[in-house]
Structure formats: C-alpha cells, structure tokens
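Report on the structure given below.
There are 2 protein chains.
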Amino acid sequence: MTSQPLINADRLWTRLMALAEIGATPAGGVNRQALSDGEIAAWRRVIGWALEAGLTPSTDAAGNLFLALAGQDRAAPPFLLGSHLDSQPTGGKFDGAAGVMAALEAAVTLAEQGDKPARDVIVVAWMNEEGSRFAPGMMGSEAFTGERDVAAIRAARDADGVSVGEALDRLHQAFRDLPHRPLGFAVESYLELHIEQGPLLEAAACTIGVVTGIQGKKTFQVVVEGAEGHAGTLAQQERRDALAAFARIATALHAEIGTIDTDIKFTIGRVAVMPNAPSVVPSRVSFSIDLRHPENAALTAAGVRITALCREYAPPCTVTVTPLVDAPSNAFDPQLQASIARASHDQGHPTMAILSAAGHDARHLAKICPAAMIFIPCRDGASHVEHEWAEPADVAAGASVLVQVLREVELARRSFTARHESGG
Amino acid sequence: MTSQPLINADRLWTRLMALAEIGATPAGGVNRQALSDGEIAAWRRVIGWALEAGLTPSTDAAGNLFLALAGQDRAAPPFLLGSHLDSQPTGGKFDGAAGVMAALEAAVTLAEQGDKPARDVIVVAWMNEEGSRFAPGMMGSEAFTGERDVAAIRAARDADGVSVGEALDRLHQAFRDLPHRPLGFAVESYLELHIEQGPLLEAAACTIGVVTGIQGKKTFQVVVEGAEGHAGTLAQQERRDALAAFARIATALHAEIGTIDTDIKFTIGRVAVMPNAPSVVPSRVSFSIDLRHPENAALTAAGVRITALCREYAPPCTVTVTPLVDAPSNAFDPQLQASIARASHDQGHPTMAILSAAGHDARHLAKICPAAMIFIPCRDGASHVEHEWAEPADVAAGASVLVQVLREVELARRSFTARHESGG
Chain Y
1 MTSQPLINAD
11 RLWTRLMALA
21 EIGATPAGGV
31 NRQALSDGEI
41 AAWRRVIGWA
51 LEAGLTPSTD
61 AAGNLFLALA
71 GQDRAAPPFL
81 LGSHLDSQPT
91 GGKFDGAAGV
101 MAALEAAVTL
111 AEQGDKPARD
121 VIVVAWMNEE
131 GSRFAPGMMG
141 SEAFTGERDV
151 AAIRAARDAD
161 GVSVGEALDR
171 LHQAFRDLPH
181 RPLGFAVESY
191 LELHIEQGPL
201 LEAAACTIGV
211 VTGIQGKKTF
221 QVVVEGAEGH
231 AGTLAQQERR
241 DALAAFARIA
251 TALHAEIGTI
261 DTDIKFTIGR
271 VAVMPNAPSV
281 VPSRVSFSID
291 LRHPENAALT
301 AAGVRITALC
311 REYAPPCTVT
321 VTPLVDAPSN
331 AFDPQLQASI
341 ARASHDQGHP
351 TMAILSAAGH
361 DARHLAKICP
371 AAMIFIPCRD
381 GASHVEHEWA
391 EPADVAAGAS
401 VLVQVLREVE
411 LARRSFTARH
421 ESGG
Chain P
1 MTSQPLINAD
11 RLWTRLMALA
21 EIGATPAGGV
31 NRQALSDGEI
41 AAWRRVIGWA
51 LEAGLTPSTD
61 AAGNLFLALA
71 GQDRAAPPFL
81 LGSHLDSQPT
91 GGKFDGAAGV
101 MAALEAAVTL
111 AEQGDKPARD
121 VIVVAWMNEE
131 GSRFAPGMMG
141 SEAFTGERDV
151 AAIRAARDAD
161 GVSVGEALDR
171 LHQAFRDLPH
181 RPLGFAVESY
191 LELHIEQGPL
201 LEAAACTIGV
211 VTGIQGKKTF
221 QVVVEGAEGH
231 AGTLAQQERR
241 DALAAFARIA
251 TALHAEIGTI
261 DTDIKFTIGR
271 VAVMPNAPSV
281 VPSRVSFSID
291 LRHPENAALT
301 AAGVRITALC
311 REYAPPCTVT
321 VTPLVDAPSN
331 AFDPQLQASI
341 ARASHDQGHP
351 TMAILSAAGH
361 DARHLAKICP
371 AAMIFIPCRD
381 GASHVEHEWA
391 EPADVAAGAS
401 VLVQVLREVE
411 LARRSFTARH
421 ESGG
C-alpha cells in the first residue's frame, strides 16, 4: 500500500505546471534555454515561492541559483538537492524542472513543519545543464565543482554570437539584490531527482529508480582528409575519396565497436561532408562519435580500438581522431542509495536499481561529496520532446522520498558527527 | 609546322578578355550566372560585335541568343555553332565563353572575307548551361531540342526565389527590339568548341581534341529511413540507425560499382544526415549518386546493381532510390569528327580523339542533327575555378579549325545537296 505523500502533492503539481507556462510551446512543450528571458522569468517565480516559505535565495559567479533553508549549524557544509531549470529548444515540462520543484517542495515541507535540519538544506538550480544554447552543457555544476574555469565558460557563444559572460551579466543584473555565494563551497551531500528519460521504470511498473551510477561516456571528433576531384573525369583508382573512406570506417566501427557487448552504446550522430556537391569527389568528411559503457575498462578499450580502426580503414585518405569528452562512469554513494530504497519501501513505492544512461549534474557533484539520484518514470521513455510526460503521483512520490531521505540522512549524520566528535 | 590561323587571333583574344571583365571576380575568375545582370551585359557586348560584322541577332522563348550570318539559301536549315555565356559562381574566363567567342570569330571571318555560305551560319549562346543559379543546367538547349517544356523551365527558382520565368522576361525586356525566332527550328549541323576540363590534351601535348562523344551519366537520390533514438539509452540491437545503414550501403557501392572496370566513375558527393546531432541516433540519411560510363550497356547494368545493393544493405532501415538524370552516352557525327581531324592536320595542330567526361549542350543538339565538339587544352585540367586558363594560341587554333570545318562541310553539303537534288 502506498502511504500518503509527505509533501503537498497538489501544490507541487500546480507549481510545476505554472513553471511550464514560462517558455511554453504551442505543442505543449517548453523552450526555456539557458540564461534566456524565460529562465530569468522562471528564477523570479521560483524565488517568489522560496521567499514565501522563508528560504533565502542567492547566486554565484557561474549563475547557479541557491534557495537555502537555515539549519542549526549555519557554518557546516550544507545538504544540496536540486537539478536545472533550463530546457532543450523543443523540450518538455519535466526534464530538470521536476527535480528543482521536487527539491523545493521538500525544503518547503521541512520549513512548514518546523523541522530544522542539522545544517542548511539548499535547493539548487544549476546553470545550463542542457548545453543546447551554449555548448557544452553542465556549465554550472562543472564550474561549481572546479571541473571548468569560469573564464572559459564565459567565452562560449550561442548561435547569435552572445557569450555566456554577457548572458550571465544580464542575469545577475536582473537580480541585482541577490547575494553572491563564493563559487564551489563545501557540500555535505547531494541529491537529484530526475525523470528517467528511458523506458525501464515504466516497463517494470516501478515508481522509484534508485540510480546506481551514470554510465561512462567518451566522445570523439574524427576528420578524414582526401582530395577533391571531378566526378566525371577523375579515374576511380586515382581518387582519394574522403566519403568512401568514411563509409569504410563507419561500417567497421559499427560492426566491431557496436557489437562488443550488449552494454555498449556506439553512435555516429553528426556528419559533415566537404564540399558536399553531387558531382564533386568529397575532399573531407568530419564526424562525431558518441561512445558509452557502464564499465570504465570496457570504455577505455573501445576508445583505443576506435582510433585503431579509423587508421586501418582511412587509406589512401588520412585521418585525425580527437578525443573531446572523457567522462568515466561513476557509482553513486551506497548509503544514500540505501536511504532512497528504504524510504521508497516505507512509503510503499516499488523500486528498482537503475543505471543512468544520460549525464546529469550529479556526475560532477559525486566528485566532491556523497551524491545520489532518484529517477521517476516518464511516459514511453520519451524526453527532450514536447510531449514528455510524468504522472502527478510519480512526481509526488519522488518528492516524498526526498523528504524522508533528507530527514534520515540528517539524523544519521548528526549521530555520526556526534559519535565522531566524542570519539575524536 | 603550324600554319597562320585563318582568323584574327588578336581580336579573338582581346574580345575574350573584354568579355571576362563582365562579372570579373577579384581572384581573376568570372561570376556571370544565368540570366543575371552580368549575362545581360555580356549579351550587349556580343551583340555589338556581331552587328559590326553585319550579323543579325535574335532570341527565342528559352532565352537563347542567335547571331546569324546570312547564307545563300535563307530558308534552308542553318549551320549552328556556339556554346554558352553563363558561368559558375566562381568560374573562369573560358568555360563556355571561349566557345561562343571562337564561333563568333569564325562567323565574322567568313563575313569579312565575303565567303557567303550555302545556308545561314548562326552563332548561338545557350541559356543556363551551368545550372548553378537555376538547377538543372542546359535549359536553353533542352528547350530548343524539345527535351524539356519551356513552362517547366520557367517554374524553376533560384536561392532568392526568383523564377526562370521572371528572369527570362527581364532579359527579353532588356532586349525589346530583338526579334524572336520560333523555339526549336531545324538545324543542319552543330559544332561546339570548349575547353577540355581535364588534363589529357595538355599531357599529350595536343592542341585539338576531336571529341568522340559524351560519356553517359545517371544520377540518383537515395533516402535511407531509420528511427531516431537517444545515443545514451537506446540499446544497440534495437536501433534502426540510418547512418549505420548508409555506411554499409556506401561501402558496398564503392567496393562493387567503383571497381566494375576502369571506365566507371562512381561518386557519392552529397550527404545529408537527420537530425545530425552528436547524441542522437540518425533517423534519416539522404545522399546523391553520380554514375558515368562511356558505354550505355555498362551504365544501365551498374544502375540496376546500385538499386539492388541499396536494398540489400539497408535493413533494418528502409531505402528509396529515385533516378534523376538518365543521360545515355552519345557518339558525335563521324563525318564532322573527320572534318575536325583533317582541318587540324592541315593547320599543323596535333590532335587526339577524346571522350567528354562532362556534359555539354552538344549532347542535346546531337539528337536533332549531326553534331561534334572541339576541345582545346586548359592548364592543369582545371575548370569551374577562378584560375581556369587556356593559352591564346590554343583558342586561336580552335577557332581556326572551326572556320575550316565550316567551309569544308558547307562545300560538301552543297555538292551533296546538288547531287541529291539532281539524282532525286
């Protein structure tokens, strides 16, 4: 039997739908890209709800938004929970927003019930998770955890030539009165709720996914160089046809890398051909490789083979393989996973352990503190689409689990700290 | 020993260079696309030179330009010779223009020397040979020979949305006083001089290429349809990856079709991937095929195999193969070829028989009358580039051969006609 949620389910759903009105698309989706007017409007609305409950808003140099519920020890590293408010250009109502609103609902619930946690509980909305307006994504969490320099992030530009720096300054100008926190303060733990973006929870009729980790990801940019020629006159045996070489390479990669095991994910998603004219032998083909695997050893081995296969099949053309992203798989904190499973069980929600195939800000937080994620189902596994959908009861269940985990972890840490301090 | 040219070599070169000033590019090339202001200005200049020599200009519904030297029998089908005045956007001074100016020089020479031919000799500049502004090319000669309907040609639009019809009306408005000939009148013979656009004449140190024919060409548009998916979540064995299918198809086509024999030319020049994002499994790949062969049987057989190979390697994706161009190879008139070889020999120009790899307006004229082409060398075989170059002496040699062929053919036809009429 499912118990009553520990949070105000109606309020959570109403606020989530109100948020989705900002940047709403005619087809029912959301276009609220990073640092846009839409995101500024979303900040205003979320800050308003936080202030109502007595939470304190602040920001930092990377444009992250923090909403703090004061704890007993204000100087202790806070407990962070949240996700992001930016969306894909044709995104949905839940990717990111569900995690921020569930976290806010959990913090507001604690505030309303006068349950003052051991340390501050801070709801966070990370800047530019999606990376659709400014590439690559996860800028806020990477800057926060020291993965990337703020100066480098500020230099990135959108398709209109606007830099992150300009857009960030505009955001901060719109919230002149908001205090700034130092970038990258110490964190006790991090929790993130997110829709699954896959079909597994729905298929297994589970309400809560206890995320074990995020699969590792490598990306490469490959450039095949040949020589241009006239399609009607250049003899076949004298050609250095970059498209023909690309086709051989791609066929070999799909055949070998794509069948290493059933966990591998291998994708050539973007291809650019030069000069790309019907009657000209192509001189240059550049293409992207997206490689993912839950085990780092398998990921590393596959990466090495990719380079070897590109070199083997390129001649008479030449090939350059440039590694871009190299994000090893990570495992989330076992104690936090156990807390999530326990809370779900207590509340009567069927759970399953699940690996995240997609990247999330939690990947970066996991490097600086114990971190974990809660997945809730999304219809047909569809995400990054306008018809993305999660059931109100599942959003409420996730937020309710968040509240219980917060309480349990804060209690456990308090006794641990007490034991540790007395034993020291 | 090379004899003195039968034409005024200085005048021909000076005029060709003056023509190249119209639409001249900073890098020394020409941008004078079909029906542009540049082509209108080129018409004005060419018509001026023709009028000076007593030739009569006219046009037709397809925007072809005719410059007629009156013959003895004005009612007899005329002898046509020429090429085109339009260029690629980054074209050179010779492709097309050399053929029109050599033809004009030949006609002007006949006029000056009072050598009145048996029938009218008409210099022609065909509308839109290149097909760069309005696709596909050879509109003027195809409309003239009945290959394509003028109404269909008028409907084609350039990148700015301007239709051929609008541009044609503008051209005719600019030359309001020019008489209109009926479209597609009877023609006695057709001759076209053109730069080779290949390296063979230069390599063999030949001044004149006696073109035996134009190799056959087929083009196809192929569309591979799969299903979009998330690169991080969709299991490899459940994918219908359009890019993977394209790579298999392209590899098989290059391996089999590209090695049928040493005469085959097989090119995949243009590729479009949808949605073309690094982390999305491609749902659709469309690509172009350009296939050429001097023998029609081989061309037809290769075309059939292309469709079969696309179907064999597409699953689990689907594939659609749409034939576009189907231009069989053609052989030029043996008597005209013999005349060209004889005239070249008489004037001391080394010749070779040569197959045209590229298409020309002469392909269409060959369907309605005896036709032939003269190639002259171009440096490094380079064409459709701004540094395209032909030597003044080679241009003069080509024009000089034109004059001699005109005289010989006209004499031969006169005696043939006389014999035929007396014998009838």
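If you're matching them up, the sequences are chains Y and P in order.
Sequential numbering of the first sequence, starting at 1, is according to the UniProt record's numbering.
Sequential numbering of the second sequence, starting at 1, is according to the UniProt record's numbering.
Ideal Cβ positions, reconstructed from N, Cα and C, are used throughout, including at glycine.
Once the 5 residues before and after residue i are set aside, which same chain residues still bring their CB inside 7 Å of it?
| i | result |
| --- | --- |
| P:Ser-87 | Gly-23, Val-30, Asn-31, Arg-32, Gln-33, Asp-95, Gly-96, Glu-130 |
| Y:Leu-355 | Thr-212, Gly-213, Gln-215, Pro-294 |
| Y:Pro-89 | Asn-31, Gln-33, Ser-132 |
| P:Asp-158 | Arg-133, Phe-134 |
| P:Lys-116 | Gly-71, Gln-72 |
| P:Asn-296 | Gly-216, Pro-328, Ser-329 |
Quick check: is the beta carbon of residue i nearer than 8 Å to any beta carbon in chain P?
| i | result |
| --- | --- |
| Y:Asn-296 | no |
| Y:Ile-376 | no |
| Y:Ala-357 | yes |
| Y:Trp-13 | no |
Just to make sure I have the definition right: I need the residues of chain Y whose C-beta is within less than 7 Å of the C-beta of residue i. Which are they?
| i | result |
| --- | --- |
| P:Ile-264 | Gln-236 |
| P:His-254 | Ala-244, Ala-247 |
Could you name the residues of the same chain whose beta carbon sits closer than 6 Å to that of residue i, not counting the 5 residues immediately before and after it, in chain order?
| i | result |
| --- | --- |
| P:Asp-263 | His-293, Pro-294 |
| P:Ala-399 | Ile-7, Leu-12, Ala-102, Glu-105, Ala-106 |
| Y:Ala-353 | Val-210, Thr-212 |
| P:Ala-272 | Ser-286 |
| P:Pro-5 | Ala-396, Ser-400 |
Give the residues of chain Y in contact with residue i, contact being defined as C-beta atoms less than 8 Å apart.
| i | result |
| --- | --- |
| P:Asp-290 | Ala-231, Gly-232, Pro-278, Ser-279 |
| P:Arg-270 | Val-273, Asn-276, Ala-277, Pro-278 |
So is residue i in contact with chain Y if we call contact Cβ pairs under 8 Å?
| i | result |
| --- | --- |
| P:Gly-131 | no |
| P:Thr-322 | no |
| P:Gly-198 | yes |
| P:Pro-282 | yes |
| P:Ala-301 | no |
| P:Thr-267 | yes |
| residue 430 of chain P | As shown, chain P starts at 1 and ends at 424. That puts residue 430 of chain P outside it, with no answer to give. |
| P:Thr-207 | no |
Which residues in the same chain as residue i place their Cβ atom closer than 8 Å to its Cβ, once the five residues preceding and following it in sequence are excluded?
| i | result |
| --- | --- |
| Y:Arg-181 | Ser-58, Thr-59, Asp-60, Phe-66 |
| P:Leu-234 | Val-281 |
| Y:Leu-51 | Pro-57 |
| P:Ala-371 | Ser-189, Tyr-190, Leu-191, Glu-192, Phe-332, Asp-333, Leu-336, Ala-362, Leu-365 |
Exposed or buried, what is residue i when buried is set at 16 or more other beta-carbons lying within 10 Å of its beta-carbon?
| i | result |
| --- | --- |
| Y:Ala-186 | exposed |
| Y:Gly-137 | buried |
| Y:Glu-196 | buried |
| Y:Ser-3 | exposed |
| P:Thr-351 | buried |
| Y:Glu-192 | buried |
| Y:Asp-120 | buried |
| Y:Gln-347 | buried |
| residue 508 of chain Y | Nothing in the structure corresponds to residue 508 of chain Y, since chain Y is present only between 1 and 424. |
| P:His-384 | buried |
| P:Pro-78 | buried |
| P:Gly-146 | exposed |
| P:Gly-114 | exposed |
| Y:Pro-315 | exposed |
So which residues of chain P does residue i contact, with C-beta pairs closer than 7 Å?
| i | result |
| --- | --- |
| Y:Gly-258 | Gln-236 |
Please list, in chain order, the chain P residues whose beta carbon lies closer than 8 Å to that of residue i.
| i | result |
| --- | --- |
| Y:Thr-219 | Pro-278 |
Is there at least one Cβ from chain A nearer than 8 Å to residue i's Cβ?
| i | result |
| --- | --- |
| P:Val-187 | Among the protein chains of the structure shown, namely Y and P, there is no chain A. |
- prompt: For the 8 Å Cβ check, are there 3 or more pairs between the stretch 290-303 of chain P and the stretch 265-272 of chain P?
  reply: yes
- prompt: If you pair each beta-carbon of the stretch 348-363 of chain P with each one of the stretch 243-258 of chain P, do three or more pairs fall below 8 Å?
  reply: Result no; under three Cβ-Cβ pairs closer than 8 Å.
message: Under 8 Å: do the stretch 199-209 of chain P and the stretch 365-380 of chain P share three or more Cβ pairs, one atom per stretch?
response: yes
field: At least three beta-carbon pairs within less than 8 Å, the stretch 396-410 of chain P to the stretch 334-348 of chain P
entry: yes
Stretch-stretch touch, CB-based, cutoff 8 Å, three pairs: the stretch 327-341 of chain P with the stretch 216-226 of chain P: yes
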